[in-house]
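**Student:** Below you'll find the structure I mean.
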Amino acid sequence: PVAIFAHSLGGMRTQNTTLMEELASQGYVCVAADFPHDAALVVYPDGQQAPFLFLSGPQDATPQELLDHRRQCIQLRTDDIAFIRRQLASMSLSRDGNTQKSQSERSEQSEEKAE
112 PVAIFAHSLG
122 GMRTQNTTLM
132 EELASQGYVC
142 VAADFPHDAA
152 LVVYPDGQQA
162 PFLFLSGPQD
172 ATPQELLDHR
182 RQCIQLRTDD
192 IAFIRRQLAS
202 MSLSRDGNTQ
212 KSQSERSEQS
222 EEKAE
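Take 112 as the starting number for the sequence shown in the numbering used here and just add one per residue.
Below, the structure written as C-alpha cells:
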C-alpha cells in the first residue's frame, strides 16, 4: 500500500514525519512532498525558493476572485499529486519488469540445468 501525504496550507512535508514513519513500519510506502507556494517554503536543489504565496493573493479581491485564486492553487496540488502517482507507477512497472525478467532468466537457467 502507498500513502501520499499532502501537507496543510502553509505546512511542510515533514510536519507528519512520525505518522509517515509509523505507516512505513507497517509496510506502507510513504511519499510526502512540499507543494510550491502552498508550503511555508520550498527550496529547490539549485537553491531557488518558492515562498508561501496564498496570503499574497489578489489585492482587494472579491470573494469570488479569492475563490478562483485558491482553485488555481488546488489545481497545482492536484497536478503535483498526479505526477507523484505516475512516477510511483513507473517505478513499480520498472521493478515488476525487472522481477519478471529475473524469473524468466531463472526459468531458462533451470531448463539448461535439466538438459
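Quick reminder that beta carbons are idealized off the backbone N, C-alpha and C, glycines included.
Take every Cβ of the region 154–163, pair it with every Cβ of the region 128–144, and state whether three or more of those distances are shorter than 8 Å.
**Tutor:** No, because fewer than three Cβ pairs between the region 154–163 and the region 128–144 fall closer than 8 Å, the two stretches do not touch.
**Student:** Under 8 Å, do residue 149 and residue 197 count as touching if we go by C-beta distance?
**Tutor:** To locate residue 149, count along the sequence shown from 1; it is residue 38. To locate residue 197, count along the sequence shown from 1; it is residue 86. Not a contact, by the Cβ cut-off of 8 Å.
**Student:** Going by beta-carbon coordinates alone, are residue 146 and residue 179 separated by less than 8 Å?
**Tutor:** Working through the sequence shown from its first residue, we reach residue 146 at position 35. Working through the sequence shown from its first residue, we reach residue 179 at position 68. Contact flag unset, no.
**Student:** Nearest-angstrom Cα distance between residue 132 and residue 181?
**Tutor:** Here the question's residue 132 lines up with position 21 in the sequence shown. Here the question's residue 181 lines up with position 70 in the sequence shown. Those two C-alpha atoms are separated by around 31 Å.
**Student:** Cβ atoms of residue 165 and residue 120: under 8 Å apart, would you say?
**Tutor:** Against the sequence shown, residue 120 aligns to sequence position 9. Against the sequence shown, residue 165 aligns to sequence position 54. Closer than 8 Å, so yes.
**Student:** Taking only the alpha-carbon atoms, compute the straight-line gap between residue 160 and residue 204 and give it to the nearest angstrom.
**Tutor:** As a working note, residue 160 is residue 49 in the sequence shown. As a working note, residue 204 is residue 93 in the sequence shown. Looking at the two C-alpha atoms, the distance is approximately 33 Å.
**Student:** When DSSP labels each residue in this structure, what does residue 160 get in the three-state scheme?
**Tutor:** Within the sequence shown, the letter at position 49 stands for residue 160. Of the three classes helix, strand and coil, the one that applies to residue 160 here is strand, per DSSP.
**Student:** Specify the secondary structure class of residue 135 as computed by DSSP and reduced to three states.
**Tutor:** As a position in the sequence shown, residue 135 is number 24, starting the count at 1. Of the three classes helix, strand and coil, the one that applies to residue 135 here is helix, per DSSP.
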